[in-house]
Each structure stands twice: as structure tokens, then as C-alpha cells.
């Protein structure tokens with residue numbers, strides 16, 4: 001049973017526009033959420049996180065929104081740049097889980113010139 | 001520079017042979033993790049260790065073994081019992097999550113091919 005779902009395997013966005021990546025989760029015990037970016041044949045790089053106490057966290061061009069009632073979070077990238085082309089993973093953690101991260105399958109973002 | 005190193009980047013082995021993947025960190029992180037990534041899938045946890053001389057199985061530990069004799073090092077052995085060992089293996093570490101810091105930091109990965 002997938003507890004963290006990224007339903008879009010890929011997303012294509014024009015350079016300069018907004019990219020919105022979505023993530024849904026089923027476990028109501030999750031209280032911390034993270035987004036990672038991954039290039040081929042490299043390790044993931046931490047981008048931004050959000051605690052369940054918040055509904056929004058912003059860092060430069062990246063903003064994460066959390067809707068707890070819908071068990072949904074999204075990552076907004078504005079404006080999208082060619083270097084943003086990568087696979088984006090959503091991950092979640094729950095207190096009492098030994099701080100393990102549960103990962104989504106990833107969404108491949110392609111920024112078109 | 002602080003970071004996580006994994007070696008080698010690419011590794012080729014014959015079926016039936018055990019192979020050990022190296023992971024070293026100089027970030028002074030307490031916790032270390034091993035993941036496996038297969039095409040089109042998220043990261044799956046193999047083993048993790050929160051402290052020296054202690055480690056726990058993750059979701060897919062069968063056919064793998066680890067040791068944590070030093071804080072800096074967490075080698076992973078892929079044994080001949082692992083049915084589908086060809087994959088991209090990622091090592092990660094994190095600060096003691098008791099400080100409400102869940103972020104994990106990753107090494108560059110090792111691509112293992114078994115034929």
C-alpha cells in the first residue's frame with residue numbers, strides 16, 4: 001500500500017512559467033514532509049520541507065503548500081528554469097516511526113525553452 | 001568539504017558473488033541509511049542505523065547485510081541471496097532526528113550491475 005503517492009509520472013512546463021508538483025498521502029500520522037530533487041545517476045538533493053503545524057513554507061523560487069484535511073501537498077516553482085528539469089520526490093515522516101522517510105515514486109519535470 | 005562519499009560509482013559483478021558497497025560521511029551525523037532505487041520507483045529503505053553498533057532492517061532487507069562499527073562508515077553487502085541485485089544504491093545520513101530535523105543528505109550513489 002503506497003502511503004505517499006505522486007500520481008503524475010511526468011510534467012512539462014514552459015520556461016518562466018509556474019511548475020506545480022503534487023503529492024498525496026494516506027497516513028494521518030505523517031507530521032513532516034520534504035521535497036527532494038534528483039538528477040540522473042546522482043543522489044537526491046533536499047529542497048524544502050514543511051511541518052504539519054504550517055500550511056505554507058517558502059524558500060526563494062520554491063514554495064510548499066500543505067492541506068492536511070485533503071492529505072495533499074504541492075511544490076510550486078516560480079519561475080521555472082531549465083536547471084529545474086529533474087525528478088522530484090515527495091517524502092513524509094511520522095513521529096514514532098524512527099524518523100524513517102516514506103517516499104513517493106517521483107515526478108519527472110521537463111522545462112521547455 | 002563535508003559530505004557523503006560512496007564508492008565505486010559503477011560496480012559489475014557476476015551472479016553468485018557477494019559485493020560490498022562503501023559509504024562514508026564526515027558530517028558527524030548520527031543516523032545513516034541505505035536505499036535502493038529501481039526505474040520508475042521511489043526510494044526503498046534497505047537498512048538504517050541510528051547509532052554505532054546498532055542497525056535495523058528496512059522494508060527490503062532480505063539478501064543484504066550491514067555493519068556500523070564507526071560513526072562515519074556504514075557499508076552495505078549485497079549477498080548472493082538477493083534475487084534482483086541490479087539497481088542504483090543510495091546512502092544517506094541525517095542529524096539526530098530528536099532535534100526535529102528529518103532531512104536526509106545523500107551520497108552520489110553506486111550503480112550495481114550483476115550478470
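Residue numbers (this note's numbering), protein chains in the order written: chain A, 1 to 113; chain B, 1 to 115.
Cβ coordinates follow ideal geometry from the N, Cα and C atoms, glycine included.
Given the structure is predicted, the values throughout are model-derived calculations rather than measurements.
*asked:* Could you check if residue 84(A) belongs to the surroundings of the ligand FAD, using beta carbon to heavy atom distance under 7 Å?
replied: Only the bare structure without any ligand can be found here, which leaves the ligand FAD out of the picture.
*Cutoff 8 Å: residue 36(B) Cβ touching any chain A Cβ*: In the second chain, the residue the question calls residue 36(B) occupies position 36. So, not an interface residue.
*Going by alpha carbons, who is nearest to residue 17(A) out of 94(A), 104(A), 77(A), 101(A)?*
One-based indexing of the first chain puts residue 17(A) at position 17. Comparing Cα-Cα distances from residue 17(A) to each of 94(A), 104(A), 77(A), 101(A), the minimum goes to 77(A).
_Where residue 32(B) falls, given that 16 or more other Cβ within 10 Å makes a residue buried_ = What you label residue 32(B) is simply residue 32 of the second chain in a count that begins at 1. That one is buried.
*asked:* Quick check: the stretch 65-75 of chain A against the stretch 74-82 of chain B, are at least 3 beta-carbon pairs closer than 8 Å?
replied: no
*Under the three-state reduction of DSSP, which class applies to residue 55(A): helix, strand or coil?*
Stepping through the first chain from its first residue, residue 55(A) is reached at position 55. In the structure shown, residue 55(A) sits in coil (DSSP, three-state: anything other than H, G, I, E or B).
_Let me confirm a value: residue 70(B) is counted as buried when at least 16 other C-beta atoms fall within 10 Å, else exposed. Which label applies?_
Within the second chain, residue 70(B) is the residue found at index 70, counting from 1. Label assigned to residue 70(B): exposed.
*Can a CB atom of chain B be found closer than 8 Å to the CB of residue 104(A)?*
Taking the first residue of the first chain as 1, we reach residue 104(A) at position 104. Cβ-Cβ to chain B under 8 Å: yes for residue 104(A).
*Whole angstroms is fine: what's the gap from residue 24(A)'s alpha carbon to residue 44(B)'s?*
If you number the first chain from 1, residue 24(A) lands on position 24. If you number the second chain from 1, residue 44(B) lands on position 44. Residue 24(A) and residue 44(B): Cα-Cα distance of roughly 18 Å.
*Among 15(B), 4(B), 21(B), which has the Cα closest to the Cα of residue 67(B)?*
One-based indexing of the second chain puts residue 67(B) at position 67. The candidate whose alpha carbon is nearest that of residue 67(B) is 21(B).
_Amino acids of chain B, ordered along the chain, whose beta-carbon sits closer than 7 Å to that of residue 32(A)_ = The sequence position of residue 32(A) within the first chain is 32, counting from 1. Per Cβ cutoff of 7 Å: 102.
*What is the DSSP secondary structure of residue 31(A), counted as helix, strand or coil?*
On the first chain, residue 31(A) is found 31 positions in, with the first residue counted as 1. Of the three classes helix, strand and coil, the one that applies to residue 31(A) here is strand, per DSSP.
_Cβ-based burial, residue 51(B) [other Cβ within 10 Å; buried from 16]_ = Here residue 51(B) is taken as the residue at index 51 of the second chain, counted from 1. Answer is exposed; the Cβ neighbour count stays below 16.
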